[in-house]
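Chemist: Here you go, one structure.
Numbering (the UniProt record's numbering), first residue to last: 1 to 404.
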């Protein structure tokens with residue numbers, strides 16, 4: 001099956017357009033202007049798209065070349081571009097932003113990435129100091145992100161930067177979608193045997209920019225760092241106890257579970273679970289120490305969500321706080337794995353046929369079998385379960401999952 005979004009060269013470039021894409025507005029600049037994100041009109045198809053333009057060699061790389069020690073610097077722009085495009089080409093799932101086209105501009109040493117426009121905007125988690133989502137709305141978003149992460153992890157990808165800003169509504173708010181794979185990582189060794197022959201691994205295997213050593217570098221967003229990401233670094237203040245007793249855990253897909261746990265906490269309570277003390281003056285090491293050592297808390301008399309539901313019991317399985325306790329375990333080996341998170345009673349609450357939902361949303365079932373087998377099972381599920389809303393548009397390589 002073809003996994004490639006079209007790749008083309010710039011044929012028309014002016015101050016107001018690139019090829020068939022007419023600029024409408026600049027959404028934001030990143031990396032000292034080396035990355036520009038614009039809203040554009042695709043005049044060939046009369047639709048709005050997002051164009052991300054990335055310089056192959058950014059200004060910071062020229063500065064980095066002058067420094068003697070830059071071992072923990074980000075990968076080059078070219079490596080980041082190659083990795084992000086490879087992951088986008090592999091992500092054909094309704095809970096991920098879709099890649100439309102890649103345009104190369106050798107004259108300006110720039111690559112343009114055309115993406116679907118998710119006009120619903122980022123999921124808002126706070127309004128006037130209070131949670132913006134009800135618990136049911138939070139559950140719906142978390143389910144979609146879990147499905148998106150399940151897809152990534154099934155094919156050996158770690159996102160590494162799950163947060164509300166990277167969870168965006170589709171136009172009709174049918175799905176919450178994951179975006180921004182700039183620091184995501186893929187490793188062949190993490191692909192399970194049953195997924196090894198899936199068609200969507202091809203662009204990942206062809207990319208030479210993935211190196212496991214990159215996982216040793218601190219990447220992500222500070223308030224969402226998992227403990228194993230910011231382990232006690234040599235330049236940080238010495239932690240209590242002996243350093244000889246501390247062993248840095250490896251970076252695994254569990255970091256995405258932690259980030260999603262922090263995101264869920266924001267949805268439920270409208271503030272971060274870990275904050276630096278006021279007297280630290282926002283010292284980053286003070287925040288890191290809180291993440292590494294402090295316990296997250298909720299006020300027993302407090303409420304959760306925009307609907308102000310009373311805080312439930314932390315030790316009772318199926319409750320919100322029990323879910324958070326499983327996701328925000330500092331030891332990644334004790335953190336709830338994704339397959340169990342997907343089956344957590346609170347996540348499944350409200351789904352009329354949970355086993356059917358779990359089955360039809362399984363990435364291995366959807367993507368790693370022949371289209372004939374998928375169609376046969378789909379017809380069978382529709383006959384056996386009239387309520388099922390599974391619709392698969394294989395011509396466009398798009399799977400529409402059942403809404404719970």
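Note that CB positions come from ideal geometry on N, CA and C, so glycine has one too.
None of these values were measured; they are calculated from a predicted model.
Determine the direct distance from the alpha carbon of residue 350 to that of residue 292, and round the result to whole angstroms.
Modeler: Approximately 35 Å between the Cα atoms of the pair.
Chemist: Between residue 12 and the rest of its own chain, which residues show a CB-CB distance below 6 Å, the 5 nearest in sequence each way excluded?
Modeler: For residue 12, where only same-chain residues beyond five positions count, the Cβ hits under 6 Å are 19.
Chemist: If I'm right that residue 99 touches residue 89 with Cβ under 8 Å, what's the distance once you round it to whole angstroms?
Modeler: Their Cβ separation, rounded to whole angstroms, is 6 Å, which keeps residue 99 and residue 89 in contact under 8 Å.
Chemist: Hey, how far is the Cα of residue 182 from the Cα of residue 231?
Modeler: Going by the C-alpha atoms only, they are around 22 Å apart.
Chemist: Taking residue 36 as part of the beta strand (DSSP E), name the residues at either end of that continuous run.
Modeler: Taken as a continuous stretch (DSSP letters only), the beta strand (DSSP E) holding residue 36 covers 35 to 42.
Chemist: So the alpha helix (DSSP H) residue 256 belongs to, where does it begin and stop?
Modeler: 254 to 269 is the span of the alpha helix (DSSP H), which, as asked, contains residue 256.
Chemist: Please classify residue 165: does DSSP put it in a helix, a strand, or coil?
Modeler: Here residue 165 sits in helix by DSSP.
Chemist: Near residue 197, which residues of its chain fall below 8 Å by C-beta distance, leaving aside the five closest residues on each side in sequence?
Modeler: 368.
Chemist: Are residue 157 and residue 341 close, meaning C-beta to C-beta below 8 Å?
Modeler: Not in contact: residue 157 and residue 341 (Cβ atoms no closer than 8 Å).
Chemist: For residue 164, which residues in the same chain have their Cβ closer than 7 Å to its Cβ, ignoring the five residues on either side in sequence?
Modeler: 122, 123, 125, 263, 266, listed in sequence order.
Chemist: DSSP on residue 57, reduced to helix/strand/coil?
Modeler: In the structure shown, residue 57 sits in coil (DSSP, three-state: anything other than H, G, I, E or B).
Chemist: List the residues that DSSP assigns as beta-bridge partners of residue 105.
Modeler: The partner list for residue 105 (beta bridge, DSSP) reads 110.
Chemist: What residue range is occupied by the uninterrupted beta strand (DSSP E) comprising residue 27?
Modeler: Start and end: 21 to 30.
Chemist: Which residues bound the beta strand (DSSP E) around residue 80?
Modeler: Segment 77 to 90 is the alpha helix (DSSP H) holding residue 80; no beta strand (DSSP E) there.
Chemist: Check for me: the alpha helix (DSSP H) holding residue 414 runs from which residue to which?
Modeler: This structure cannot settle anything about residue 414, because the visible part of the chain is limited to 1 through 404.
Chemist: According to DSSP, is residue 149 helix, strand or coil?
Modeler: In the structure shown, residue 149 sits in a helix (DSSP, three-state: H, G or I).
Chemist: Are the Cβ atoms of residue 116 and residue 97 separated by less than 8 Å?
Modeler: A contact, by the Cβ cut-off of 8 Å.
Chemist: Looking at residue 318: is its Cβ nearer than 8 Å to the Cβ of residue 130?
Modeler: Cβ distance not < 8 Å, so residue 318 and residue 130 don't count as in contact.
Chemist: Please classify residue 150 as buried or exposed, where buried requires at least 16 neighbouring CB atoms within 10 angstroms.
Modeler: It counts as buried.
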